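Numbering (the numbering used here) for the sequence shown: 85 to 458. Ideal Cβ placement from N, Cα and C applies to all residues, glycine included. Quick caveat: nothing in here was measured; it's all calculated off a predicted structure. I have placed the structure first, in the form of structure tokens, so that the comments after it can refer back to it.
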Amino acid sequence: SASLADVTSLLIVLLLIIIVRALLAWGSEVSAFQVAARVKTALRQRVFDKLMQLGPAYVRGERTGELTNTAIDGIEALEAYFSQYLPQVVLAALVPLILLMFVFPVDLLSGIVLLLTAPFIPLLMILIGQAAEALTRHQYRALSFMSAHFLDVLQGLTTLKLLGRSRQQIETIAQVSERFRDTTLSVLRVAFLSAFALEMIATISTAIIAVEIGLRLLAGNLQFEQAFFILVLAPDFYAPLRLLGTRFHAGLSGVAAAARIFEILEEPENRDQGSGIGDQASRSKEQWQVIRFEAMRFAYGDERAALNDVTFEINRGERVALVGATGAGKSTLANLLLRFIEPHSGAIKLDATPLNSLSIGAWRDQVAWVPQLP
Numbered sequence: 085s086a087s088l089a090d091v092t093s094l095l096i097v098l099l100l101i102i103i104v105r106a107l108l109a110w111g112s113e114v115s116a117f118q119v120a121a122r123v124k125t126a127l128r129q130r131v132f133d134k135l136m137q138l139g140p141a142y143v144r145g146e147r148t149g150e151l152t153n154t155a156i157d158g159i160e161a162l163e164a165y166f167s168q169y170l171p172q173v174v175l176a177a178l179v180p181l182i183l184l185m186f187v188f189p190v191d192l193l194s195g196i197v198l199l200l201t202a203p204f205i206p207l208l209m210i211l212i213g214q215a216a217e218a219l220t221r222h223q224y225r226a227l228s229f230m231s232a233h234f235l236d237v238l239q240g241l242t243t244l245k246l247l248g249r250s251r252q253q254i255e256t257i258a259q260v261s262e263r264f265r266d267t268t269l270s271v272l273r274v275a276f277l278s279a280f281a282l283e284m285i286a287t288i289s290t291a292i293i294a295v296e297i298g299l300r301l302l303a304g305n306l307q308f309e310q311a312f313f314i315l316v317l318a319p320d321f322y323a324p325l326r327l328l329g330t331r332f333h334a335g336l337s338g339v340a341a342a343a344r345i346f347e348i349l350e351e352p353e354n355r356d357q358g359s360g361i362g363d364q365a366s367r368s369k370e371q372w373q374v375i376r377f378e379a380m381r382f383a384y385g386d387e388r389a390a391l392n393d394v395t396f397e398i399n400r401g402e403r404v405a406l407v408g409a410t411g412a413g414k415s416t417l418a419n420l421l422l423r424f425i426e427p428h429s430g431a432i433k434l435d436a437t438p439l440n441s442l443s444i445g446a447w448r449d450q451v452a453w454v455p456q457l458p
């Protein structure tokens, strides 16, 4: 029964609250994206640094296209995980609890209904998430395979043309792309179905609250102000949980990519980092007189030895060419000298100083290297 003038101040306060809420939501999203961008930059740098530390010996056993996809698209997929999913997990945990703190003093029964219906949304997310996670991992593997295969075809295009096999690769690429499309549609199907189920549960829960409040309001067991207050808060109570279900699927792509990213970062380096004992006493490259390879032996995994009892010297000022058939061990020798790998037996010495007495950084500061494929 109050006039507009009587409630003007309240309406202004309500408008200010709406504006502040919008600004806070905007600020949280901007902050989340900025944090995600910093995480992506730092993680991408760590991956590149790790690949440089692992060297060509590691890359030799991996597909370049798959590594490229991991370092670029894989890390990009983490943006949704850090900027959307993780912040929403925090909101989904805090907002309902905070709202319950206000609802329980106003109406105990409505608070109990909210408390009992809220767990159904996370429970459904867990049930659907198990299937969705497996599909998302399969989708990421399919994307990595497609990227690797496409790059392999591009790198070998000249050879394929010379052998007249380029047309067959067009069909193969089409088949790989079709498999990836089918996998993506399977993921989207689960995402849409889960979003529908979560929306339905949230809507039914809100309807239960509305019916319960309406019946008690008609019976005179609840004041209008109390009923209006709870009805306004009920949608906001379920909104963070509903949105978490939507962003859960965006976060799954980041989780699938993170598994491969951290697999690279945790890859052990197959070499000694060097004791560093010889760093201070090491002479410059102009003062070394001879590089000695003494009874060197190295094998890749269970394969036959790439080098077996190799012994020779390179004197200062000499220009040495390593000549041999493919697989003779030329690249292996270069990788051993650059310390991308370590010999299984034997040693490399600079004069009488073992190469592994120098740290890798101190040694490479004195070496110039042009790889086969710069």
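Bridge pairing for R381: S429 [DSSP].
Per DSSP, the unbroken alpha helix (DSSP H) holding I285 starts and ends at S250 to L302. Fully enclosed beta strand (DSSP E) runs of no fewer than 3 residues occupy 389-399 and 429-434 of the segment 384-451, in order along the chain. Judged by their CB atoms, I375 and L442 are not nearer to each other than the 8 angstroms cut-off. Closest option to E351, judged by alpha-carbon separation, among A109, L135 and Y165: L135.
In this structure, V173 lies away from L327, with their beta-carbon atoms at least 8 angstroms apart. Annotated three-state conformation of V131 is helix, per DSSP. Beta-bridge analysis with DSSP links V104 to no other residue.
Listed as beta-bridge partners of V374 by DSSP are N399. For F313, the uninterrupted alpha helix (DSSP H) segment begins and ends at F308 to L349. If the five residues before and after Q373 are omitted, its C-beta is found closer than 8 angstroms to the C-beta atoms of N399, R400 and D435, all from its own chain and listed in chain order. Below 8 angstroms, too few C-beta pairs join the segment 248-264 and the segment 289-302 to call them touching: fewer than three.
Between V187 and L200, the gap from beta carbon to beta carbon reaches 8 angstroms or more. Between A342 and R221, the CB-CB gap reaches or exceeds 8 angstroms. When secondary structure is reduced to three states using DSSP, P140 falls in the helix class. Ranked by Cα distance from R225, the first of A164, L175, T268 and D236 is T268.
For P171, the enclosing alpha helix (DSSP H) covers residues L170 to V190. When the beta-carbon positions are compared, M380 and G430 come within less than 8 angstroms of each other. Annotation: Q456 to H233 spans about 22 angstroms, alpha carbon to alpha carbon.
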